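**Student:** Residue numbers (UniProt numbering): 1 to 395.
Glycine included, C-beta positions come from ideal geometry on N, C-alpha and C.
Just so you know, these numbers come straight off a predicted model, no measurement behind them.
Right, I'll just put the structure down here and ask away after.
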Amino acid sequence: MRQKEETTYRMQHLKSGIGIKQLIFYSMLALLFLKSLTGEQGFQKQEVSWQLVSQAMPYGFKCANTGFFQQVFYEATHIYWKEPLTFVQSVLPSLRLKTYTNGLFTEDLPGYFPQDQELPYIEREGSDYAPQLPIVSQKDLKIENYKDPYYLLKNFVTGEAVLEIDADFLRQWDFYDLMTRDLRLDENLPGPKILIFHTHAREKFVGGTTVVDVGEALAKELKARYDIETLHITDSFYKDETENVTGCYEIMEPVIQKVLKAYPSIQMCIDLHRDGVDGDYKFVKQYNDKPTAQWMYFNGVCMNRNMAGDLVPMQDLQNPYLPENLSLSFQMQAIAYKYYPGLTRKIYFKPYRYSLHMKPLSTLIELGNQNNTGEEALNAVEPMANIIAKVLQKD
Numbered sequence: 001m002r003q004k005e006e007t008t009y010r011m012q013h014l015k016s017g018i019g020i021k022q023l024i025f026y027s028m029l030a031l032l033f034l035k036s037l038t039g040e041q042g043f044q045k046q047e048v049s050w051q052l053v054s055q056a057m058p059y060g061f062k063c064a065n066t067g068f069f070q071q072v073f074y075e076a077t078h079i080y081w082k083e084p085l086t087f088v089q090s091v092l093p094s095l096r097l098k099t100y101t102n103g104l105f106t107e108d109l110p111g112y113f114p115q116d117q118e119l120p121y122i123e124r125e126g127s128d129y130a131p132q133l134p135i136v137s138q139k140d141l142k143i144e145n146y147k148d149p150y151y152l153l154k155n156f157v158t159g160e161a162v163l164e165i166d167a168d169f170l171r172q173w174d175f176y177d178l179m180t181r182d183l184r185l186d187e188n189l190p191g192p193k194i195l196i197f198h199t200h201a202r203e204k205f206v207g208g209t210t211v212v213d214v215g216e217a218l219a220k221e222l223k224a225r226y227d228i229e230t231l232h233i234t235d236s237f238y239k240d241e242t243e244n245v246t247g248c249y250e251i252m253e254p255v256i257q258k259v260l261k262a263y264p265s266i267q268m269c270i271d272l273h274r275d276g277v278d279g280d281y282k283f284v285k286q287y288n289d290k291p292t293a294q295w296m297y298f299n300g301v302c303m304n305r306n307m308a309g310d311l312v313p314m315q316d317l318q319n320p321y322l323p324e325n326l327s328l329s330f331q332m333q334a335i336a337y338k339y340y341p342g343l344t345r346k347i348y349f350k351p352y353r354y355s356l357h358m359k360p361l362s363t364l365i366e367l368g369n370q371n372n373t374g375e376e377a378l379n380a381v382e383p384m385a386n387i388i389a390k391v392l393q394k395d
């Protein structure tokens, strides 16, 4: 994600939205006031104004279904129109998901607790939390199912509320094609085939283990078990010595682009992160009788909703490799469902681009959260590496 550009984009989006909202509101208010003074006959005399309002009102209702107005409405009422649970939470605040809106209009990748992905919870001290994800059997993983956007919506994907992800949204891509693509590596190119880096290298787990430590373990596992040479970049991309992540993606990109230029053999990029949440629960699941941090694959789709509710591409945040990104994420998710059910959360879509535009096979992985232990994070390395190897047909 290029934060300065995205912040400017959002501010322009909000400013234009406020102007339209104010225009509709004050036009209607003035006409209602005029009606109260002149009566029905006087109101009918304002034929031009009435025509304006008759045209504006349907547009207003249409654009009121966009992310901007959803966010404004939420700020005022703590209710999301498409999330019935928030109506209950508005009456019983103790049930409110504190992290529900965390990240809607922020700069980076904070923790997010989507209701359509994971069941609601009531915080309690020391809570372990395993998302109740769809149970996808091998029968359900038949390749024909990937032609059905409703199947994908139910089992594979969730995302930012402002995207309004539904079956029509998913019809932008041919997932049958994406799921059947051959993603094997070109072995004729000497040198490392996979690059692991960390835009937020200071993200750490309980006990002090960082995402860099997990990345190092993953690189070693890929080489030792599957003979996939992997380059691990441990650079930090922060502006200062604090944990402030603003600007990290802008600092990261030229460094990683230089690495990719120096190593043309690299065909897959992994930006490994740790998720962050409010509260003390953690994403954990038993695997081989070991507590293992769950993870999710993340996609920036480089598009957003305009004030009319239409999807529009972000012209200054383009990613020519978005279909390849999606192919990688969905194939990894399918393998995870088949061999490691419960270890992965749903694929998460967000409007922007992040670090996914530098190579076709690029993925951003959110592993656990700040309440997971380093042991739980490191226990995820073995299945995570095996999934990668299977997708690349190295296992």
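1. Using only alpha-carbon positions, find the residue among Leu-356, Lys-258 and Met-296 that is nearest to Ala-377.
2. How would you write the range of the alpha helix (DSSP H) that Arg-225 sits in, first residue to last?
3. For Gln-286, report the span of its alpha helix (DSSP H) as first-last.
4. Below 6 Å CB to CB, which residues in the same chain sit around Lys-204 once its five sequence neighbours on both sides are set aside?
5. So is Ile-165 buried or exposed if we call it buried at 16+ other beta carbons inside 10 Å?
6. To the nearest whole angstrom, what separates the beta carbons of Phe-349 and Met-179, a pair I think is in contact under 8 Å?
7. For Leu-328, does the three-state DSSP call read helix, strand or coil?
8. Which runs of the alpha helix (DSSP H), 4 residues or longer, sit entirely within the stretch 227-301?
9. Within this structure, are the beta carbons of Asp-275 and Gly-368 separated by less than 9 Å?
10. Assuming Leu-231 contacts Pro-192 (C-beta within less than 8 Å), just tell me the rounded distance between them.
11. Can you give me the C-alpha to C-alpha distance between Ala-258 and Ala-336, rounded to a whole angstrom?
12. Give, in chain order, every unbroken run of the beta strand (DSSP E) that is at least 3 residues long and sits entirely within the stretch 303-388.
13. Count the other CB atoms, across all protein chains shown, that sit within 10 Å of the CB of Gln-267; report buried if there are 16 or more and exposed otherwise.
14. Sorted by chain position, which residues of the same chain lie with C-beta nearer than 8 Å to Pro-313's C-beta, five sequence neighbours on each side aside?
15. Which residue wins for smallest C-alpha separation from Leu-272, given the options Tyr-321, Arg-171, Thr-242 and Leu-218?
16. The beta strand (DSSP E) with Phe-175 in it runs from where to where?
17. Nearest-angstrom Cα distance between Leu-317 and Asp-235?
18. Buried or exposed: where does residue 404 fall if 16 or more other Cβ atoms within 10 Å of its Cβ makes it buried?
19. For Phe-197, which three-state DSSP category applies?
20. Can you give me the start and stop residues for the alpha helix (DSSP H) that Asp-395 sits inside?
21. Just curious, the beta strand (DSSP E) that Gly-159 is in, first and last residue?
22. Under a three-way DSSP split, which group does Val-162 fall into?
23. Please say whether Tyr-176 and Glu-216 have beta carbons closer to each other than 9 Å?
24. Going by beta carbon distance, what residues of the same chain come within less than 7 Å of Asp-395, once the five residues before and after it are set aside?
25. In chain order, what residues of the same chain lie with their CB nearer than 6 Å to the CB of Leu-185, ignoring the 5 residues before and after it?
26. Let's test the definition: count the other Cβ atoms within 10 Å of the Cβ of Gln-333 and tell me whether it reaches 16, buried, or not, exposed.
27. If we ignore side chains and look at the alpha-carbon of each, how far apart do Asn-306 and Asp-168 end up?
28. In the DSSP assignment, the alpha helix (DSSP H) including Phe-169 goes from what residue to what residue?
29. Assign Pro-160 to one of two classes, buried (16 or more other C-beta atoms within 10 Å of its C-beta) or exposed (fewer than that).
30. Classify Lys-204 as helix, strand or coil using the three-state DSSP reduction.
31. Rounded to whole angstroms, what is the Cα-Cα separation between Asp-280 and Gln-286?
32. Could you name the residues of the same chain whose beta carbon sits closer than 8 Å to that of Ile-365, not counting the 5 residues immediately before and after it, in chain order?
33. Please state the DSSP three-state secondary structure of Glu-144.
34. For Thr-246 versus Asn-379, is the C-beta distance shorter than 9 Å?
35. Can you tell me whether DSSP reads Leu-95 as helix, strand or coil?
36. Straight-line CA distance for Val-284 to His-357?
**Tutor:** To lay it out plainly:
1. Of all alpha-carbon atoms in Leu-356, Lys-258 and Met-296, the one lying nearest the alpha-carbon of Ala-377 is that of Met-296.
2. Its alpha helix (DSSP H) spans residues 211-226.
3. Looking at the DSSP string, Gln-286 is not in any alpha helix (DSSP H); the run it does join, the beta strand (DSSP E), is 282-287.
4. The beta carbon of Lys-204 sits closer than 6 Å to those of Thr-210, all from its chain and outside the five residues before and after it, given in chain order.
5. With 16 or more other Cβ atoms within 10 Å, it is buried.
6. The Cβ separation is near 17 Å, so there is no contact.
7. Note: Leu-328 maps to helix in three-state DSSP.
8. Here the runs fully enclosed are 248-262.
9. A contact, by the Cβ cut-off of 9 Å.
10. Right, the Cβ-Cβ distance comes to about 4 Å (below 8 Å), so this counts as a contact.
11. Checking the sequence shown, residue 258 turns out to be Lys, not Ala. It is roughly 32 Å from the alpha-carbon of Lys-258 to the alpha-carbon of Ala-336.
12. Segments of the beta strand (DSSP E) lying fully in the stretch 303-388: 303-305, 311-313, 347-350 and 361-367.
13. Gln-267 comes out buried.
14. If we look at Pro-313 and ignore the five residues flanking it on each side, its Cβ neighbours are Cys-302 and Met-303.
15. The candidate whose alpha carbon is nearest that of Leu-272 is Leu-218.
16. Run containing Phe-175: none in the beta strand (DSSP E); it sits in the alpha helix (DSSP H), 175-179.
17. Looking at the two C-alpha atoms, the distance is approximately 24 Å.
18. Any question about residue 404 goes unanswered here, given that the chain covers just 1 to 395.
19. Phe-197 sits in a strand when the DSSP states are folded into three classes.
20. Element bounds for Asp-395: n/a, residue is neither H nor E.
21. For Gly-159, the enclosing beta strand (DSSP E) covers residues 157-159.
22. Val-162 falls in the helix class under three-state DSSP.
23. Not closer than 9 Å, so no.
24. Excluding sequence neighbours, Asp-395 sits near Tyr-226, Asn-386 and Ala-389.
25. Once the five neighbours on either side are set aside, the close Cβ partners of Leu-185 are Lys-193, Gln-267 and Leu-392.
26. The residue is buried, with at least 16 neighbouring Cβ atoms inside 10 Å.
27. Asn-306 and Asp-168 have their alpha carbons spaced roughly 16 Å apart.
28. In the DSSP assignment, Phe-169 falls within the unbroken alpha helix (DSSP H) covering 167-170.
29. The identity of residue 160 in the sequence shown is Glu, whereas the question assumes Pro. Buried, since its Cβ has 16 or more Cβ neighbours within 10 Å.
30. Taken through DSSP and simplified to helix, strand or coil, Lys-204 comes out as strand.
31. Gln-286 has its alpha-carbon roughly 19 Å from the corresponding atom of Asp-280.
32. Listed in chain order, the non-local C-beta contacts of Ile-365 below 8 Å within the same chain comprise Ile-270, Asp-271, Leu-272, His-273, Trp-295, Met-296, Tyr-297, Phe-298 and Met-384, local neighbours out to five positions each way being set aside.
33. In the displayed model, Glu-144 falls within a helix according to three-state DSSP.
34. No, they are not a contact pair.
35. Annotation note: pLDDT 48 at Leu-95 (below 50); position unreliable, coordinate value reported separately. If DSSP states are grouped into helix, strand and coil, Leu-95 belongs with the helices.
36. Computed Cα separation, rounded: 30 Å.
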